[in-house]
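>
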Amino acid sequence: MGALTDKYCIVGVGETRFMKASNRTPLSMACEAVKKAMDDAGLTAREVDAITSFQIADSTDVANVAQALGIRINYGSVAYSGGSTTEALTAHAIGLIEGGYCNTVAIFRSMNGRTGRRMGGQAPGGVVPPSRAEGDAQFYMPWGFTTPAQHFAPSAMRYLHDFGASTKSFAEVASAFRYHAGLNPKALMRAPMTIEDHQRSRWVAKPFRLLDCCLETDVASAFIVTSRERAYDLRQPPVFILGGSARTYADNPAWNHSRLRPYLQAGNFARQRVWGMSGIRPEDIDVLSIYDAFTYTVILQLEAYGFCAIGEAAEFVKGGRLRIDHELPTNLSGGHLSEGYAHGVALVNEVVRQLRHRADDSCPGWAEGRHTYDRQAGCRQVRRARFGASLGWGTETRGSCLILRSASA
Amino acid sequence: MPGEIDYSKINIIPDQDTAEWWEGTKRHKFLVRQCKQCGHKWFPPFPACAKCTSMDLTWYETAGKGVIHSYVVVTQPILAAFVTAVPYVVGLIELDDCHEADGRLTRVAGVMKDDEAEVAIGLPVEVVFEPTGDPNFIMPRWKICGTASNTWKFTE
Ligand SMILES: [Zn+2]
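Those sequence lines, one after another, are chains E and C. All letters in the first sequence, in the order written, are residues 1 to 409 by the working numbering. All letters in the second sequence, in the order written, are residues 1001 to 1156 by the working numbering.
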């Protein structure tokens, strides 16, 4: 068990709508997400005293959000980094509160990921103008090798080669998450997707098709971390933090293609610490979020964190195993593939909502924890939600995770 | 053959760690970094040895031959320079003559001269150097230079 296991909680979650074109500033969206998370928790602006965020020169500073919402902060900072930073900032928050630097931390990510700066350097509306190849980009930009899809594809190709897998396993992942998105009124893409729909979608970077890629999205999302003692007084059932990985790197931390094997991604280096610290095992997890930048990143993380053995995930995901009411309900919001790409924060929010038993679905009583479990009627709440996890992904070389439990577990 | 790459739309900015590498390409040399203390070889040219932390480094000129370890077929262009090049293949190539300290072959990425139909994991390749229109930059590309018995191709 970790020294701080069960001492800190996530007490509030919130986000803007998931949008294709927000027509808003990242500042405005960040304010909305943080305010909604505070309202959700029953916290006033006077009770939040720290704000952290992360970005890639595409968002707003925490000071602006603090000023706009009238929050005087005892701590604020912005990390310049990507996907696996959500769980990292949660670990920062725990350390800061434990050290007495602040009491209650709001963590947000706000970006116009579709109409503003797009991942991989693509400009809004098409290809980019002449590009500056500096730093390590000197050795990938001139080879036309810049986007996440392009960077992860050779790893996926080698995986298919090594294990005799096919992209039908990718389709299983995409289709399961789309089914969940159909139960999530917030999700951008809700129409059902069959295995065949996936297989017919156009190529982007082989072996990835369009429906292997997450949705570039304009969105802000936020959650709030505070101590157990404060959490008891707040509006929602607290969700307890058991442990995780703040941000673990693989053996070749900077260069994806220098790693020995695709399946030796960062999570493999974190796994023993994560479960040892949390005091539970993969088989205890009732609700899982996995950073689905691509379908394939789900495959790799299932293996890395021990949900199945290395080389087995392509088989493991078949038969709807990741779907609600099956063995391992995963990305119940629809995830980045179908709800929208929120750089990991919304994936945590979904696990929190499930562990509270308050998935914001079509059940009239969801806010009070009353669910029908009728999927035809749009209920998204899993029946048993005691333990949850969110697995974060930066690239194959860096990952993070957060293990959570419900107040009733 | 893939279409032309318009290198004029990429502005390469060498720095103190990489300028000698780019100089090498002008003389049709594909260099990798080598540690003088332990012999470890790596690419791209990070400024210290990851096996022994030495910063006493030299360059090793590879023969520029290797085997395709994996690849991606890019069908949707993102960079302006590659709009006319799609579909093109970026190969991950394991160099025949560059071992890391643990015996693993040093891996580099590069754009293939060959089409998707010809590329397969396991095929031998060699480096070729092509002009970019800017005399200060000569670009390495890779092309298939033989056959192999145990190859694998993505056929979906
Ligand atoms: Zn050395």
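Idealized CB from N, CA, C, for every residue including glycine.
(1) Closer than 6 Å by C-beta to Cys102 (chain E): which residues in its own chain qualify, once you throw out the five before and the five after it? Chain order, please.
(2) If we require 3 or more residues per run, which beta strand (DSSP E) segments fall completely within the stretch 16-77 of chain E?
(3) Using only alpha-carbon positions, find the residue among E:Ile290, E:Glu283 and E:Glu98 that is nearest to Asn349 (chain E).
(4) Just the chain C side, please: which residues come within less than 8 Å of Thr52 (chain E) by C-beta, in chain order?
(5) Is the CB-CB distance between Pro142 (chain E) and Ile1010 (chain C) below 7 Å?
(6) Give me, in chain order, the residues of the same chain whose beta-carbon lies closer than 6 Å to that of Thr295 (chain E); leave out the 5 immediate sequence neighbours on both sides.
(7) Give the secondary structure of Thr1106 (chain C) by DSSP, where H, G and I count as helix, E and B as strand, and everything else as coil.
(8) With DSSP run on the structure shown, which of helix, strand or coil describes Asp136 (chain E)?
(9) Between Glu134 (chain E) and chain C, is the shortest Cβ-Cβ distance under 7 Å, so that the two count as touching?
(10) From the DSSP output, in three-state form, read off Pro154 (chain E) for me.
(11) For Val204 (chain E), would you say it is in contact with chain C, using Cβ-to-Cβ distances shorter than 7 Å as the test?
(12) Out of C:Gly1003, C:Met1001, C:Asp1015 and C:Val1111, point me to the one whose CA is closest to Asp136 (chain E)'s CA.
(13) When you compare only the Cα positions, how much space is there between Pro1124 (chain C) and Trp1059 (chain C)?
(14) Around ligand 1, which residues pass a check of Cβ closer than 5 Å to any of its heavy atoms?
(15) For Met157 (chain E) and chain C, any beta-carbon pair shorter than 7 Å?
(16) To which residues of the same chain is Asp1097 (chain C) closer than 6 Å at the C-beta, ignoring the five residues directly before and after it?
(17) Using 8 Å as the threshold, is the stretch 217-237 of chain E in touch with the stretch 14-30 of chain E, meaning 3 or more CB pairs across them?
(18) Do Arg178 (chain E) and Ser59 (chain E) have their beta-carbon atoms positioned less than 7 Å apart in this structure?
(19) Taking 7 Å as the threshold (C-beta atoms), are Trp203 (chain E) and Thr297 (chain E) in contact?
(20) Only counting the same chain, and skipping five residues up and downstream in sequence, which positions put a Cβ closer than 8 Å to that of Ala205 (chain E)?
(21) Under 7 Å between C-beta atoms, does Thr147 (chain E) make it to chain C?
(22) Please name the residue, chosen from C:Thr1155, C:Cys1145, C:Val1119 and C:Leu1092, that lies closest to Phe1043 (chain C) on a Cα-to-Cα basis.
(23) Nearest to Cys1052 (chain C) by alpha carbon, out of C:Cys1038, C:Ile1013 and C:Pro1045?
(24) Any beta carbon from chain E within less than 7 Å of Gln1076 (chain C)'s own beta carbon?
(25) Going by DSSP, what residue range makes up the beta strand (DSSP E) through Asp197 (chain E)?
(26) When you compare only the Cα positions, how much space is there between Asp251 (chain E) and Ser258 (chain E)?
(27) If the criterion is Cβ atoms closer than 7 Å, does the pair Leu1095 (chain C) and Gly1066 (chain C) meet it?
(28) Taking just the CA atoms, how far does Arg118 (chain E) sit from Ile56 (chain E)?
(29) Is the beta carbon of Val13 (chain E) sitting closer than 7 Å to the one on Asp39 (chain E)?
(30) Using the beta-carbon of each residue, which ones in chain C are nearer than 8 Å to Trp143 (chain E)?
(31) List the residues of chain E that Ala1085 (chain C) touches, going by C-beta distances under 8 Å, in chain order.
(32) Just the C-alpha distance for Val1074 (chain C) and Val1090 (chain C), rounded to the nearest angstrom, thanks.
(33) Nearest to Ile1144 (chain C) by alpha carbon, out of C:Asn1136, C:Arg1104, C:Phe1082 and C:Val1119?
(34) So, is Pro29 (chain E) buried or exposed, given that buried needs 16 or more other C-beta atoms within 10 angstroms?
(35) For a cutoff of 7 Å on Cβ pairs, would you count Trp1059 (chain C) as touching chain E?
(36) Identify every residue that forms a DSSP beta bridge with Thr1075 (chain C).
For this structure:
(1) Asp49, Ala50, Asn74, Tyr75 and Leu96
(2) 50-55
(3) E:Ile290
(4) What Thr52 (chain E) touches in chain C: nothing, since even the nearest Cβ is about 30 Å away.
(5) yes
(6) Phe170, Val173, Ala174 and Asp212
(7) strand
(8) helix
(9) yes
(10) helix
(11) yes
(12) C:Asp1015
(13) 24 Å
(14) C:Cys1035, C:Gln1037, C:Cys1038, C:His1040, C:Cys1049, C:Lys1051, C:Cys1052 and C:Ser1054
(15) yes
(16) Thr1062 and Ala1063
(17) yes
(18) no
(19) no
(20) Thr147, Ala149, Gln150 and Ala153
(21) yes
(22) C:Leu1092
(23) C:Cys1038
(24) yes
(25) No beta strand (DSSP E) holds Asp197 (chain E); the alpha helix (DSSP H) holding it covers Ile195 to Arg200.
(26) 9 Å
(27) yes
(28) 10 Å
(29) no
(30) Val1090, Ala1109, Gly1110 and Val1111
(31) Gly144
(32) 8 Å
(33) C:Val1119
(34) As written in the sequence, residue 29 (chain E) is Met, which differs from the Pro given in the question. Buried is the call here.
(35) no
(36) According to DSSP, which records beta bridges pairwise, Thr1075 (chain C) is partnered with nothing at all.
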